[in-house]
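Please read the structure below before turning to the comments.
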Amino acid sequence: MVLNNTAFRDLVSLCEKLEATTKKLEKTRLISDFLHSLKEEEIPPAVLLIVGHIFPDTDPRTLEVSWRTIQRVKRDLKKKPSLGKSLTILEVHNYFAEIAAASGRGSRQKKYTLLTNLFARLSPAEERYAIKIIFGEMQHGVSEGVMMQAIAQAVGTSLVSVRRACMFTGNLGEVARVGMVTGKEKLERINLQLFQPIQPMLAELAEDFTQVFTEHGGKSALEYKFDGARVQIHKQGEKIKIYSRHLSDVTDSLPEIVELIRKEVKVHTAILDGEVIAVGDKDRPLPFQELMRRFRRVHNITKMMQEVPVKLYLFDLIYVEGNPLIDIPYQKRWEYLSQICNRYLLTNRIVTDNQEEAERFLKGAMKLGHEGLMAKSLESTYTPGARGKKWFKIKPAEHLDLVIVAADWGYGRRTGWLSNYHLAARDEKSGEFLVVGKTFKGMSDQEFTEITQKLQRLKISEDEYTVYVKPEIVVEIAYNEIQRSLHYRSGFALRFARVMRIRDDKSPQQADTIERVRKLYEKQFKRKAKTKVGFK
Ligand code: AMP
6 MVLNNTAFRD LVSLCEKLEA TTKKLEKTRL ISDFLHSLKE EEIPPAVLLI
56 VGHIFPDTDP RTLEVSWRTI QRVKRDLKKK PSLGKSLTIL EVHNYFAEIA
106 AASGRGSRQK KYTLLTNLFA RLSPAEERYA IKIIFGEMQH GVSEGVMMQA
156 IAQAVGTSLV SVRRACMFTG NLGEVARVGM VTGKEKLERI NLQLFQPIQP
206 MLAELAEDFT QVFTEHGGKS ALEYKFDGAR VQIHKQGEKI KIYSRHLSDV
256 TDSLPEIVEL IRKEVKVHTA ILDGEVIAVG DKDRPLPFQE LMRRFRRVHN
306 ITKMMQEVPV KLYLFDLIYV EGNPLIDIPY QKRWEYLSQI CNRYLLTNRI
356 VTDNQEEAER FLKGAMKLGH EGLMAKSLES TYTPGARGKK WFKIKPAEHL
406 DLVIVAADWG YGRRTGWLSN YHLAARDEKS GEFLVVGKTF KGMSDQEFTE
456 ITQKLQRLKI SEDEYTVYVK PEIVVEIAYN EIQRSLHYRS GFALRFARVM
506 RIRDDKSPQQ ADTIERVRKL YEKQFKRKAK TKVGFK
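Numbering-wise, our numbering comes out as the position in the sequence shown, counting from 1, plus 5.
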């Protein structure tokens, strides 16, 4: 029997049913039934689309479509042509792939055209879900965890097996396909294997060392955080392969690292985790862009090796002589790592319970031109693909001068003060002030009192919680990272923002601009293509 391709409409009606029930069991049953109705090639994209993903985690492709573009497409399409046949799941997914593939000059227009063509062929309900998928916000309560449960049910295996398979492949859709088409035994056999790279363990941004020590039980291993490219090195005798953070094979770009491992790693089989950086004089780190030249170049590698020398720093051992090490503590893994390779290959590291020593180590790292530190819990197991508090990244604070455009009334200890400030950067093009974050941190009681009075004098309007003010007060803000944001119209949000001082000497026109925020963001995230939505 030849099955017809499944309509996107069917996936949307499944999502509507998922939205309509709060019962988890019902949700997993609905999804499991739906997966059974699909053709083999439809399973991977359908699984991803249902959880609001387009590509698997291991796939670096992103749509790079902004909220503004979506609005423009919707506005221009007000009068929709009459709808023909519903698109299939595969067709919708292909549209997304084409949108992601549009890059370089004119890509914005290409993306706009593709989106317009796509939306023109969707019913209002389908369009609504397409937008939810684009922004990864499904709101039907199906997390990856619920999806894994549904896959387990569809395949007839345990959640633990599905979770493990996903951990090793980083590909929910593919795990579902393998299980459903080739059987549960195949799924259960997915394991850590040489030359099958696994997702690297990731880190969360730490607010400060106090948080690090609290989370890590008083003591932590601190390592330099290098500004380079993550590498996972698989070795079996003379055979050596190097994989990037997104698990692509980059062996050919790094022949000297292959040689180094061959010479220096004294075991037959191993999977190593580390960072490669480009270096100049005296091994000082070079900007990340230099390193990227190494990865882009496919010809004349020998010349490139001289132009951009690289250095490897190892910090973890995931597998050795037939034994997976992901379930043993980091401290033990580090010990094994130090036993199998020369010290000079290892990351600079201290184990400490002392805040001052930690600060000194951070200063040292910065002085040598590195990005900051990583703090690792000594007991932590290796959790592929997971971002958590077992590994923290510590970056020194950066500063921006921003303008207060609104403030919320405080509660608890801050009752009676306007204390949560909406911080904005100036958009040079429109002259508007666009919010990039909020904070109530960093002010003394007296400053709260003074600024509350000042803000009330600048009031434009107010509601129950918030007073909106004329943009006049400039504050110097420290923060640790800029993130993309769907919440703020500016498209950016500061992490761990706190007020350093009030800049009475600066006018709002002299405050930092959105353009500068964008530049800082791009500099910081230049290599992390792992955002699902882009800002143009
Ligand atoms: P981020 O990409 O900002 O989340 O920071 C995590 C990245 O820092 C990792 O994926 C590595 O590429 C990089 N990194 C640099 N030094 C280290 C280190 N000592 N341990 C772990 N990751 C490191």
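Quick reminder that beta carbons are idealized off the backbone N, C-alpha and C, glycines included.
Query                                                                                                                                                                                            : Result
Whole beta strand (DSSP E) runs in the region 385-463 with 3 or more residues, listed along the chain?                                                                                           : 392-399, 403-414, 423-431 and 438-444
Taking the alpha carbon of Tyr-229 as the reference point, which residue from Glu-280, Pro-205, Val-236 and Thr-274 has its own alpha carbon closest?                                            : Glu-280
Under 9 angstroms, do Pro-61 and Leu-177 count as touching if we go by C-beta distance?                                                                                                          : yes
Using the rule of at least 16 other Cβ atoms within 10 Å of the residue's Cβ for burial, across every protein chain shown, is Thr-3 buried or exposed?                                           : Since the first residue of the chain shown is 6 and the last is 541, residue 3 is not available in this structure.
Hey, quick one: how far does the alpha helix (DSSP H) through Gln-529 stretch, first residue to last?                                                                                            : 519-529
Three Cβ pairs or more, each shorter than 8 angstroms: is that satisfied between the region 161-173 and the region 122-137?                                                                      : no
Could you round the C-beta distance between Ile-203 and Val-272 to whole angstroms and report it? I think they count as a contact, below 8 angstroms.                                            : About 19 angstroms; that fails the 8 angstroms criterion.
Within 10 angstroms of the Cβ of Val-356, are there 16 or more other Cβ atoms? Answer buried if so, exposed if not.                                                                              : exposed
Could you spell out where the beta strand (DSSP E) holding Tyr-484 opens and where it closes?                                                                                                    : 479-484
Please work out which residues of its chain come closer than 7 angstroms, Cβ to Cβ, to Ala-429, disregarding the five sequence neighbours upstream and downstream, and give them in chain order. : Leu-407, Val-408, Val-410, Phe-438, Leu-439, Val-440, Val-441 and Pro-476
List the whole-angstrom C-beta distance separating Leu-378 from Ala-370, where the pair is believed to meet the contact cut-off of C-beta under 8 angstroms.                                     : 6 angstroms
In whole angstroms, what is the alpha-carbon distance linking Val-151 and Leu-23?                                                                                                                : 11 angstroms
Rounded to whole angstroms, what's the CA-CA distance from Glu-31 to Ser-18? Just pull it up for me.                                                                                             : 15 angstroms
Alpha carbon to alpha carbon, what distance is there between Lys-434 and Asp-549?                                                                                                                : Nothing in the structure corresponds to residue 549, since the chain is present only between 6 and 541.
Which first and last residues belong to the alpha helix (DSSP H) in which Lys-116 is found?                                                                                                      : 112-125
Tell me whether Thr-352, by its Cβ, gets closer than 8 angstroms to a heavy atom of ligand 1.                                                                                                    : yes
Run through the region 346-371 for me and flag every whole alpha helix (DSSP H) of 4 or more residues, listed as ranges in chain order.                                                          : none
Kindly indicate which three-state DSSP category Glu-261 falls into: helix, strand or coil?                                                                                                       : helix
Is Gly-233 closer than 9 angstroms to Ala-275 when the C-beta atoms are compared?                                                                                                                : no
Please name the residue, chosen from Leu-120, Asn-10 and Phe-300, that lies closest to Lys-90 on a Cα-to-Cα basis.                                                                               : Asn-10
Rounded to whole angstroms, what's the CA-CA distance from Phe-218 to Ser-225? Just pull it up for me.                                                                                           : 6 angstroms
In this structure, how does DSSP classify Asp-15 when only helix, strand and coil are distinguished?                                                                                             : helix
May I ask you to check if the CB of Trp-396 is nearer than 8 angstroms to at least one heavy atom of ligand 1?                                                                                   : yes
May I ask which residues mark the beginning and end of the alpha helix (DSSP H) holding Asp-321?                                                                                                 : Per DSSP, Asp-321 belongs to no alpha helix (DSSP H); it is in the beta strand (DSSP E), 315-325.
Three-state secondary structure (DSSP) at Glu-220?                                                                                                                                               : helix
Return the chain-ordered list of same chain residues with a C-beta closer than 6 angstroms to the C-beta of Thr-471, the five sequence neighbours on each side being excluded.                   : Ala-411 and Asp-413
When every heavy atom of ligand 1 is checked, does at least one fall within less than 8 angstroms of the C-beta of Gly-285?                                                                      : no
Are there 16 or more other CB atoms within 10 angstroms of the CB of Ala-106, so buried, or fewer, so exposed?                                                                                   : exposed
Flag Gly-233 as yes when its Cβ comes closer than 8 angstroms to any non-hydrogen atom of ligand 1, and as no otherwise.                                                                         : yes
Is there at least one non-hydrogen atom of ligand 1 closer than 8 angstroms to the beta-carbon of Glu-280?                                                                                       : yes
Just to confirm my understanding: we take Phe-231, look at its own chain, exclude 5 residues before and 5 after, and list those with CB closer than 8 angstroms. What are they?                  : Glu-280, Ile-282, Pro-290, Tyr-318, Thr-352, His-375 and Glu-376
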